[in-house]
Amino acid sequence: MEKGNDGRGSAVGGSTGPAAGSGTGPDPELVSRLREAVAAVGRGAPLVDTGLEKRLAPLVSKANRLISHRDRSEAELRDRLTDALEPGEDPRLVDTVIRRCLDNGMLDDRRFATEWVRQRAHTRQRSIAVLRRELRDKGVSSTVIEEALGQITVDDQREILHALVGKKAATIRTAPADRADYDRMLRRIVGVAARRGFPQGESLTAARSALDSRIRELRGQDRNNGQ
Numbered sequence: 001m002e003k004g005n006d007g008r009g010s011a012v013g014g015s016t017g018p019a020a021g022s023g024t025g026p027d028p029e030l031v032s033r034l035r036e037a038v039a040a041v042g043r044g045a046p047l048v049d050t051g052l053e054k055r056l057a058p059l060v061s062k063a064n065r066l067i068s069h070r071d072r073s074e075a076e077l078r079d080r081l082t083d084a085l086e087p088g089e090d091p092r093l094v095d096t097v098i099r100r101c102l103d104n105g106m107l108d109d110r111r112f113a114t115e116w117v118r119q120r121a122h123t124r125q126r127s128i129a130v131l132r133r134e135l136r137d138k139g140v141s142s143t144v145i146e147e148a149l150g151q152i153t154v155d156d157q158r159e160i161l162h163a164l165v166g167k168k169a170a171t172i173r174t175a176p177a178d179r180a181d182y183d184r185m186l187r188r189i190v191g192v193a194a195r196r197g198f199p200q201g202e203s204l205t206a207a208r209s210a211l212d213s214r215i216r217e218l219r220g221q222d223r224n225n226g227q
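With the first letter of the sequence shown counted as 1, position 161 gets the number 161 in UniProt numbering; the numbers rise by one all the way through.
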C-alpha cells in the first residue's frame, strides 16, 4: 500500500521493494531467490508460506492496531508483540513483523523521536531532561535522542518554563500575609517546574519572578477596589 504524508506505510502484510528508477541494478542474491521460488512453484510448491503467514497474522494485526493508535518506537513495539506471543510460539515471528514494519516505513525511530519531542516539549511543557528520559524509556538510541532534542532551543525551554510558572502563579488569589506565606507560595510554584524536569536554579528564579509579578497585580487590584 502507499504511504501517507507522514512516511508510514499503511499495513505490515509485506515489505516494499526498491524504488523504481533508483539507478541501481537488481540484487543478484534476490534474483537467485526469486528464480528458486518460481521454479518451486513450477514443481507445485506454494510461492507464499501460508503456514507462516497464519502464525504471523495475530502479530501483524496487533502491530497495525498499535501503530494506527499512535507512532511507536521499535523497542516499544517489539516489547508489546513479544508479550502477545502465544505460549511456546517462536519469538522469531516478532523479528519478522518488526522487519516488515521497518521496511515499509511504519517504524522509524528518528521520526518517532522527532515527533515525540515536538509535541511534548510545547503541549506537555516538558524539559529536555524529561524528554531525554522518556525517549530512553522507549528504547530509542542516544544518537537518535540527541538529534531529536536538537530541535529545542534554549529560548524554547526558557519560554516553556516561564509559561509554566506563570500559569501556576496566576492561581494565587491573595497576596502573602508574611514571609512564611510567601515562601510557601514560592515552593508550590517551583515544584511545578521541578516535576517537569527544569533545573532547580532556573526554576527558582523564574518562579520568584512570576510570584512577585502576581503579588504586584493583586495589590494593585486591592488598591483599586479600595478607591
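Every residue gets a Cβ at the ideal spot worked out from N, C-alpha and C, and that includes glycine.
#1: If you reduce the DSSP assignment to three classes, tell me which class residue 211 lands in.
#2: Going by Cα to Cα distance, which pick from 52, 53, 81 is closest to residue 63?
#3: So which of 28, 135, 208, 220 has the shortest CA-CA distance to residue 185?
#4: Grouping DSSP H, G and I as helix and E and B as strand, with all else coil, what is residue 218?
#5: Determine whether the beta carbon atoms of residue 188 and residue 144 lie at a separation below 7 Å.
#6: If contact is defined by three or more beta carbon pairs under 8 Å, each pair taking one atom from either stretch, is the stretch 52 to 59 in contact with the stretch 113 to 128?
#7: Taking the C-alpha atoms as reference points, what is the distance between residue 140 and residue 148?
#8: With DSSP as the reference, label residue 140 as helix, strand or coil.
Per the coordinate set shown:
#1: Indexing the sequence shown from 1 puts residue 211 at position 211. Residue 211 carries a helical assignment under DSSP once its states are collapsed to helix, strand and coil.
#2: Here residue 63 is taken as the residue at index 63 of the sequence shown, counted from 1. Among 52, 53, 81, the Cα nearest to that of residue 63 belongs to 81.
#3: Position 185 of the sequence shown, counting from 1, holds the residue named residue 185. Residue 208 is the option with its Cα nearest to residue 185.
#4: Locating residue 218 in the sequence shown gives position 218, counting from the first residue. Of the three classes helix, strand and coil, the one that applies to residue 218 here is helix, per DSSP.
#5: Position 188 of the sequence shown, counted from the first residue, corresponds to residue 188. Position 144 of the sequence shown, counted from the first residue, corresponds to residue 144. The answer is no: Cβ separation not under 7 Å.
#6: Cβ pair count under 8 Å is below three, so no.
#7: Here residue 140 is taken as the residue at index 140 of the sequence shown, counted from 1. Here residue 148 is taken as the residue at index 148 of the sequence shown, counted from 1. Put simply, the backbone Cα of residue 140 is about 11 Å away from that of residue 148.
#8: As a working note, residue 140 is residue 140 in the sequence shown. Residue 140: coil per DSSP, three-state reduction.
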